[in-house]
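Student:
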Amino acid sequence: MGVNQNTRDGRNQSLWQKNISNDHEHRAFDPSQTYDVLIVGAGITGITTALLLQKAGMQCAIADAHNPGYGTTGGTTAHINTFADTTFAEVESAFSEDAAQQFADSIAESVDLIHELVNIYQIDCDFEWKNGYVYSQTDKETKELDDILNSSLKVGVEVRVSNQVPVTVDFQKAIVFGRQAQFHPLKYILALQTEFRNLGGVVLENTLIQDVQTLDGFHIASAPSAKIKAKAIVYATHIPPGGVNVLHFRNAPYRSYVIAATLTSDAYPEDLVYDMQEPYHYFRTHMIDGQKYLVAGGHDHKTGHGDPEQSFADLIAFTRQCYPVKDIFTQWSAQYYVPADGLPYIGKLPGASDGIYAATGFSGNGMILGTVSAMVLSDLIIQGKSVYEELYNPARIKPIAGFAEVVKEGVDVVARFIGDRLGLEDIKSVSQLPVDSGEVVEYDGQKLAIYRDPNGNIQALDPVCTHTKCIVHWNNSEKSWDCPCHGARFDTDGTVLTGPARENLARVLTKPEVQE
Ligand code: FES
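The opening position of the sequence shown corresponds to residue 6 in the working numbering, with each subsequent residue numbered one higher.
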């Protein structure tokens with residue numbers, strides 16, 4: 006216990022981890038207590054949900070497998086927008102005019118809620134109101150931009166045409182959204198966590214929920230260190246963990262790339278800037294400890310399908326074209342989930358017992374849609390209903406052509422490798438890896454995930470993902486094994502970094518840490 010630096014689910018440090026500590030002194034957990042709600046996952050979704058419930062008089066516990074912000078909240082670029090990756094025009098086309106209006110209303114409410122919480126609790130999290138510029142560079146992009154402009158105006162979002170953008174590029178057309186904002190995500194959620202604890206909430210870190218059983222209307226969540234009894238459970242873990250759930254097939258995992266750079270001049274943009282390229286880019290500025298940083302992001306790709314190092318190289322090269330970059334202070338990546346029909350899934354978890362909820366499918370809009378989730382879930386739990394219940398119902402069926410290609414189950418499925426354990430010589434015979442890198446190799450008809458650490462030691466794992474048996478891919482940037490099917494990620498020793506997997510990858514090498 007004590008004050009430690011926050012960790013996250015990758016080897017690279019995000020800008021938000023700089024000089025941030027987490028007070029781990031939590032209220033003692035009482036195993037005999039029945040909690041009203043157990044929230045699994047201490048990111049923006051889980052902590053905001055827990056705070057809203059606790060404020061309403063419920064007794065809640067949060068359990069996180071690691072620490073607050075370990076997942077995507079620690080790696081976000083912390084944009085607070087009144088528009089989303091799924092445009093209002095797309096929602097109107099796939100659902101209805103009413104749905105587009107509700108989507109816009111819920112997003113606007115989430116921006117207000119974040120601002121209100123910052124004000125109520127006087128949170129020192131670098132919250133700043135901004136304008137958000139979006140610009141087009143081709144006829145096709147301009148047509149899409151016009152759709153964004155018109156559909157945003159139709160649902161009452163503040164936006165207008167602009168004749169300039171805060172980046173040196175040639176553009177055809179630009180629009181500017183008012184009432185956008187940015188903040189420091191870890192400062193924000195850690196402050197919310199403090200308020201939650203002040204209201205009597207309990208936070209359990211390093212508590213991986215491995216199983217949930219329901220009996221007589223109560224849920225018993227089991228972790229190696231604790232059993233927690235609750236009347237309701239919220240999975241605020243992106244995708245719900247554990248066995249196969251329909252949401253695993255309606256959300257595709259993506260990796261997104263970010264750099265924080267210093268510039269040779271004061272050309273840092275005052276506002277938020279987005280282009281419309283495929284893959285897209287965006288820029289903003291954040292000051293930390295008196296130093297300004299240009300935060301640039303983009304070059305996203307499906308988890309386990311792209312080349313992370315190439316994404317970083319492309320992002321850095323593009324940023325250098327746009328701004329006078331001096332140094333790259335840090336670079337990192339984060340994961341998000343794209344929903345099949347464009348809208349997030351928030352509400353009762355399909356196929357689960359009554360009283361079990363989930364929220365996922367936020368695309369690149371986790372700050373606002375995580376907060377929308379907290380509003381919807383707390384209303385569902387406290388009042389039994391939410392005005393947005395139908396819009397975000399996870400059980401809705403809205404197939405979108407082409408999505409099956411994105412999350413094809415079993416695309417990499419193979420028979421599970423359990424065979425005899427191997428010796429170091431066997432491994433060496435199939436792998437000539439450079440240090441601190443990994444690869445999946447074939448040995449005697451079996452696949453192995455091999456990692457050679459900076460000292461030359463070899464770790465061999467069964468590469469079959471413990472979720473539903475796809476083959477993991479090596480991520481040489483974050484030094485992790487990433488599953489292309491539903492986004493589970495594992496450390497070099499096989500430990501789960503990111504769900505939905507709950508079990509570690511099996512070790513295969515007889516002596517996993519033998520010096521070569
Ligand atoms: Fe589902 Fe790996 S098989 S995350």
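Just so you know, even glycine gets a beta-carbon here, dropped at the ideal spot from N, CA and C.
Identify every run of the beta strand (DSSP E) within the region 182 to 213, keeping only runs that are complete inside it and at least 3 residues long; order them along the chain.
Tutor: You should have 207 to 209.
Student: In chain order, what are the residues with a CB under 5 Å from some non-hydrogen atom of ligand 1?
Tutor: The filter returns 470, 472, 473, 475, 488, 490, 491 and 493, in chain order.
Student: With H, G and I counted as helix, E and B as strand and the rest as coil, what does DSSP make of residue 510?
Tutor: Stepping through the sequence shown from its first residue, residue 510 is reached at position 505. Three-state DSSP puts residue 510 in coil, outside helix and strand.
Student: Excluding five sequence neighbours on each side, which residues of the same chain lie with their C-beta closer than 7 Å to the C-beta of residue 420?
Tutor: Taking the sequence shown and counting its residues from 1, the one referred to as residue 420 is at position 415. Because residue 420 sits at a pLDDT of 35, beneath the cut-off of 50, its placement in the model cannot be relied upon, and the following sentence gives the value as read from the coordinates. So the list is empty, once near-sequence residues are dropped.
Student: Return helix, strand or coil for residue 306, following the three-state DSSP convention.
Tutor: For the purposes of this step, residue 306 is identified with residue 301 of the sequence shown, where counting begins at 1. Residue 306: strand per DSSP, three-state reduction.
Student: Assuming the contact rule is C-beta atoms closer than 8 Å, residue 506 and residue 493 should be a hit. Round their C-beta distance to whole Å, please.
Tutor: Residue 506 sits at position 501 when you count from the first residue of the sequence shown. Residue 493 sits at position 488 when you count from the first residue of the sequence shown. Their Cβ separation, rounded to whole angstroms, is 4 Å, which keeps residue 506 and residue 493 in contact under 8 Å.
Student: By the three-class DSSP mapping on this structure, what secondary structure does residue 255 have?
Tutor: Looking up residue 255 in the sequence shown gives position 250. Residue 255: coil per DSSP, three-state reduction.
Student: Assign residue 95 to one of three DSSP states: helix, strand, or coil.
Tutor: For the purposes of this step, residue 95 is taken as residue 90 along the sequence shown, with counting starting at 1. Helix, per DSSP.
Student: Indicate whether the contact test is met: 3 or more Cβ pairs, each with one atom in the region 385 to 402 and one in the region 68 to 75, closer than 8 Å.
Tutor: No, the region 385 to 402 does not touch the region 68 to 75.
Student: For residue 209, which residues from the same chain have a beta carbon less than 6 Å from its beta carbon, with the 5 sequence-adjacent residues on both sides left out?
Tutor: What you label residue 209 is simply residue 204 of the sequence shown in a count that begins at 1. Excluding residues within five positions, the ones whose Cβ falls inside 6 Å are 34 and 68.
Student: Taking the beta strand (DSSP E) that residue 493 belongs to, which residues open and close that run?
Tutor: Working through the sequence shown from its first residue, we reach residue 493 at position 488. Careful: residue 493 lies outside any beta strand (DSSP E) and carries neither H nor E.
Student: Determine the contact status of residue 305 and residue 259, defining contact as a CB-CB distance below 8 Å.
Tutor: Taking the first residue of the sequence shown as 1, we reach residue 305 at position 300. Taking the first residue of the sequence shown as 1, we reach residue 259 at position 254. Closer than 8 Å, so yes.
Student: Please say whether residue 371 and residue 53 have beta carbons closer to each other than 8 Å?
Tutor: Along the sequence shown, read from residue 1 onward, the residue named residue 53 stands at position 48. Along the sequence shown, read from residue 1 onward, the residue named residue 371 stands at position 366. In this structure, residue 371 does not lie closer than 8 Å to residue 53 by Cβ.
Student: When you compare each of 181, 313, 96 and 328 to residue 16 by their alpha carbons, which one comes out closest?
Tutor: Your numbering for residue 16 matches position 11 in the sequence shown. Closest option to residue 16, Cα to Cα, is 313.
Student: In this structure, how does DSSP classify residue 272 when only helix, strand and coil are distinguished?
Tutor: Here residue 272 refers to the residue found at position 267 of the sequence shown. Coil, per DSSP.
Student: Pick helix, strand or coil for residue 465, following the three-state DSSP scheme.
Tutor: Position 460 of the sequence shown holds residue 465. Three-state DSSP puts residue 465 in a strand.
Student: Would the region 196 to 208 count as touching the region 101 to 119 if we require 3 or more Cβ pairs under 8 Å?
Tutor: Segments in contact, no.
Student: So, for residue 107: in the same chain, excluding its five sequence neighbours on each side, which residues have a beta-carbon less than 7 Å away from its beta-carbon?
Tutor: Position 102 of the sequence shown, counted from the start, is the residue given in the question as residue 107. Taken in chain order, the residues that qualify are 393 and 396.
Student: Leaving out five residues on either side along the sequence, give the residues of the same chain with a beta carbon under 8 Å from the beta carbon of residue 40.
Tutor: Walking along the sequence shown from the start, residue 40 turns up at place 35. Closer than 8 Å at Cβ, skipping near neighbours: 64, 65, 66, 207, 233, 234, 235 and 236.
Student: Taking residue 257 as the reference, which of 366, 176, 165 and 226 has the closest Cα?
Tutor: Within the sequence shown, the letter at position 252 stands for residue 257. It is 366.
Student: Mind checking whether residue 115 and residue 373 have CB atoms under 8 Å apart?
Tutor: Taking the sequence shown and counting its residues from 1, the one referred to as residue 115 is at position 110. Taking the sequence shown and counting its residues from 1, the one referred to as residue 373 is at position 368. Taking 8 Å as the Cβ cut-off, residue 115 and residue 373 qualify as a contacting pair.
Student: Going by the DSSP bridge assignment, what does residue 21 pair with across the sheet?
Tutor: Working through the sequence shown from its first residue, we reach residue 21 at position 16. Residue 21 is not bridged to any residue.
Student: Could you give the residue range of the alpha helix (DSSP H) that holds residue 218?
Tutor: Here residue 218 refers to the residue found at position 213 when the sequence shown is read from its first residue. That residue, residue 218, is in no alpha helix (DSSP H); its beta strand (DSSP E) goes 216 to 220.
Student: Using the beta-carbon count (16 or more within 10 Å), is residue 325 buried or exposed?
Tutor: The residue you call residue 325 lines up with position 320 of the sequence shown. Exposed, because fewer than 16 other Cβ atoms sit within 10 Å of the Cβ of residue 325.
Student: Is there contact here, the region 127 to 143 with the region 176 to 187, by at least three beta-carbon pairs under 8 Å?
Tutor: Counting Cβ pairs under 8 Å, three or more are found: they touch.
Student: If you run the structure through DSSP and keep just helix, strand and coil, what is residue 504?
Tutor: By one-based count along the sequence shown, residue 504 stands at place 499. Three-state result, residue 504: coil.
Student: Do residue 347 and residue 191 count as a contact pair if the criterion is CB distance below 8 Å?
Tutor: One-based indexing of the sequence shown puts residue 191 at position 186. One-based indexing of the sequence shown puts residue 347 at position 342. No, they are not a contact pair.
Student: Taking 8 Å as the threshold, find out whether the region 288 to 304 comes into contact with the region 328 to 339 through three or more Cβ pairs.
Tutor: Flag = yes, the region 288 to 304 and the region 328 to 339 touch.
Student: For residue 284 and residue 321, what's the separation of their Cα atoms in angstroms?
Tutor: The residue you call residue 284 lines up with position 279 of the sequence shown. The residue you call residue 321 lines up with position 316 of the sequence shown. Looking at the two C-alpha atoms, the distance is approximately 14 Å.
Student: Of all the options 467, 267, 437 and 447, which has the alpha carbon lying nearest to the alpha carbon of residue 458?
Tutor: For the purposes of this step, residue 458 is identified with residue 453 of the sequence shown, where counting begins at 1. Checking every option, the nearest Cα to that of residue 458 belongs to 437.
Student: Measuring straight from C-alpha to C-alpha, what distance separates residue 112 and residue 224?
Tutor: Here residue 112 refers to the residue found at position 107 of the sequence shown. Here residue 224 refers to the residue found at position 219 of the sequence shown. Using only the alpha carbons, I get a separation of about 31 Å.
Student: Given residue 139, which residues of its chain have a CB within under 6 Å of its CB, disregarding the five upstream and five downstream residues?
Tutor: If you number the sequence shown from 1, residue 139 lands on position 134. Cβ neighbours of residue 139 beyond the five flanking positions: 180 and 279.
Student: Around the Cβ of residue 13, are there at least 16 other Cβ atoms within 10 angstroms (buried) or fewer (exposed)?
Tutor: For this step, residue 13 is matched to residue 8 along the sequence shown. With 16 or more Cβ atoms within 10 Å of its Cβ, residue 13 is classed as buried.
Student: Can you tell me which of the three DSSP states residue 65 falls into?
Tutor: Along the sequence shown, one-based indexing puts residue 65 at 60. Residue state, collapsed to three classes: strand.
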